[in-house]
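One rule links them: number in the working numbering = place in the sequence shown (from 1) + 4. We treat Cβ as the ideally placed atom computed from N, Cα and C, and that holds for glycine. Computed from a predicted structure; not experimentally measured. Here is the structure we will look at.
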Amino acid sequence: MSLRYFTAGESHSAFLTGIIDGMPAGVKVSPEDFAALLRRRRTGYGRGARQKIEQDEVRITAGVREGYTTGAPISLLIENAESAGQNSHLEAFTPHTAKTINVPLPGHADLPGVVKYGLDDCRTIRERASARETVMRTALSVFPRRLLADLGIKSLCLVESLGNLTANIDYTQAPDVIADMIVANGADFITPDAAIIPAWRELVDAALAKNESLGGTAAVMFWNLPIGMGSHTQYDLRLDARLAALLMSIPAVKGVEIGMALQQARGSSIAADPILFAPGSGWSHQSNFAGGLEGGMTNGAPLVLRFHMKPLPANSKVDSVNLKTGQPARPEFYRSDTQAVTAAAVVAESVVAVELTSQLLAMTGGATLQQIHDRLTRLREAQSLLPG
Ligand code: EPS
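Structure (C-alpha cells):
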C-alpha cells in the first residue's frame, strides 16, 4: 500500500524509533498533536507505575519542516525515560546488568521466543514483545490522523467492557454524538456511558488489590469515508482482512469483530443493511450491521471494528518451568498494568488510521494534501450519482 512504516526499540532500551514513508507534503502537525494523543494512550485508569514515569516526548528527526510534512520519509525518536542512560537494560555492546529472567511467563512471548531464537534469558524477548512498542505506532499515526481530519474523516475509540461489566452504548446514535459523550466523560475509561464509570473504577481497584489484571472489549469507529476503500478482487486487498490483522497485532488482543459479527452469525439474513439512494446526497444504509464493510470494501457507512483483549498475563500465578534447571517454577512478580484496554483502544484507532490513509492515498494518488483534497472531493461528487 502507499504508506509503509516500521518501529524499532525495546521497552527498556534507550529509545523507540519509528519511520513512516509515503506521507504527502503539506500536512500540518504540531507538538501538541503528539502530546495529546500519547497522553490519551497513557492515562487510562488502571495503567501501571511505568505510565507515571514516561512522558513520551517525541522528537521528529526527519521529514517535517516548519510544522509541515515535506513528502520525505519521516523519522521519530521517543526516549524511554525509565531507561535513560545507565538504566538501559539492553545496551548494544556493554554487558547488561539487569537480572536475567529464567522462568517464562505463561501467556507472554517468552517461551516461544527463547526457543525460536535460542536464548536462555526471557528478557531479550520480553523487552521487544512489550506493548511499549505501541507508543511509536501511535506517534507515527499523528500524520495520517491529521490528513484524515483535514479531509473531513473523523474517528473515535471507546471501551465497551472491562472484565464482566459492559457499558450501555447505543450505536444507532450519530457517531459525532457518541464522540462528544466520550469527551465529556474524561480520559480515565474512554466511554460514552457515564453510569458505568464508578463500577469500572471499583473493579479496577479490586483487581489491583489482588495484583490481577482485567481484559475487555473496545471499539473503533471511522466515518465520512468514501465508498470503495479496499477491494473484493484479491484476498489480501480485502480491507476487512487487513484491518483485522492490524487489530490482532496489538499485544493481548485475541479476537476481532467487524460490525455486529457475532449477532449476525447467530441471526438470520435480515441482518443485512437495506440500501438507500437519494439524488444529490447519494448512497446510504438504513442500518449498519456490516460495520461499514461489505465484500472487503467500505460501503460509506461508519466503520465499526471491535476487539477483545485478554487480561494481561503478568501476575496470572500460572505454573511454568525454569529454563536453567528444567524444574517446575512460578514466574517472578512482574510489574504490570491492571487494565490496558483504554490504551489498546487508542492504539487500535491509530493503526486503523494509518491503514485507511494508505488506502485513501492509493485511491486518489497525489503528492500534496491539496491534490488529495481536490481528488477526493471529485470522487465524492461522482459517488453521490448513480454509477454508469
Ligand atoms: C508492559 C508492561 C508494563 C507496561 C508496558 C507494557 O511496563 P513495565 O514492565 O515497564 O512496568 O506499562 O507498557 C508501556 C510501557 C507502555 O508505554 O504502554 C508489557 O509487558 O507489555
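- Check whether the Cβ of A265 lies closer than 7 Å to any heavy atom of the ligand EPS, and answer yes or no. no
(request) Report buried or exposed for I57, applying the criterion of at least 16 other Cβ atoms within 10 angstroms of its Cβ. (result) exposed
| query | DSSP three-state call for G300: helix, strand or coil? | reply | coil
Original post:
For S15, which residues from the same chain have a beta carbon less than 6 Å from its beta carbon, with the 5 sequence-adjacent residues on both sides left out?
Top reply: E131, S134, R136
Query raised in the report: Can you tell me whether Y72 is buried or exposed, with buried defined as 16 or more other CB within 10 angstroms of its CB?
Result: exposed
query: What do you reckon, are the CB atoms on L373 and P28 nearer than 8 Å?
result: yes
**Study point:** Burial state of L266, where buried means 16 or more other Cβ atoms lie within 10 Å
**Key:** exposed
Next on the checklist: I'd like the list of long-range same chain contacts for L151, defined as Cβ closer than 6 Å, with 5 residues on each side in sequence excluded.
Outcome noted: V31, T361
Have a look at P391 and A198 and give me their C-alpha separation to the nearest angstrom.
44 Å
- Item | Unbroken alpha helix (DSSP H) run spanning A178, endpoints | Neither: A178 is in no alpha helix (DSSP H) and is coded neither H nor E.
C-alpha gap between F226 and S291, whole angstroms | 16 Å
Proximity test, E58 beta-carbon vs the ligand EPS heavy atom, cut-off 7 Å: yes
Can you tell me which of A222, E95, L250 puts its alpha carbon nearest to the alpha carbon of A171? A222
What is the residue span of the alpha helix (DSSP H) that Y121 lies within? 114-121
So is the beta-carbon of D125 under 7 Å away from any non-hydrogen atom of the ligand EPS? no
Can you list, in chain order, the residues of its chain whose CB lies under 6 Å from that of I201, leaving out five sequence neighbours each side?
F193
Given P230, which residues of its chain have a CB within under 8 Å of its CB, disregarding the five upstream and five downstream residues?
T302, G304, L364, M367, L380, L383, R384, Q387
- Under the DSSP definition of a beta bridge, which residues are partnered with F281? W287
* What number of angstroms, rounded off, separates the C-alpha of T342 from the C-alpha of G26? -> 37 Å
| request: Please find out if some non-hydrogen atom of the ligand EPS comes closer than 7 Å to the beta-carbon of S15. | output: yes
* Asked: Apart from the five residues on each side of it in sequence, which residues of its chain come closer than 7 Å, Cβ to Cβ, to L250?
  -> V355, V356, E359
Notebook entry, point to check: Roughly how many angstroms lie between the CA atoms of S145 and I64, to the nearest whole one?
Noted result: 13 Å
For M185, which three-state DSSP category applies?
-> helix
**Request:** Could you check which residue in L247, G220, V224 has the C-alpha nearest to that of M233?
**Result:** L247
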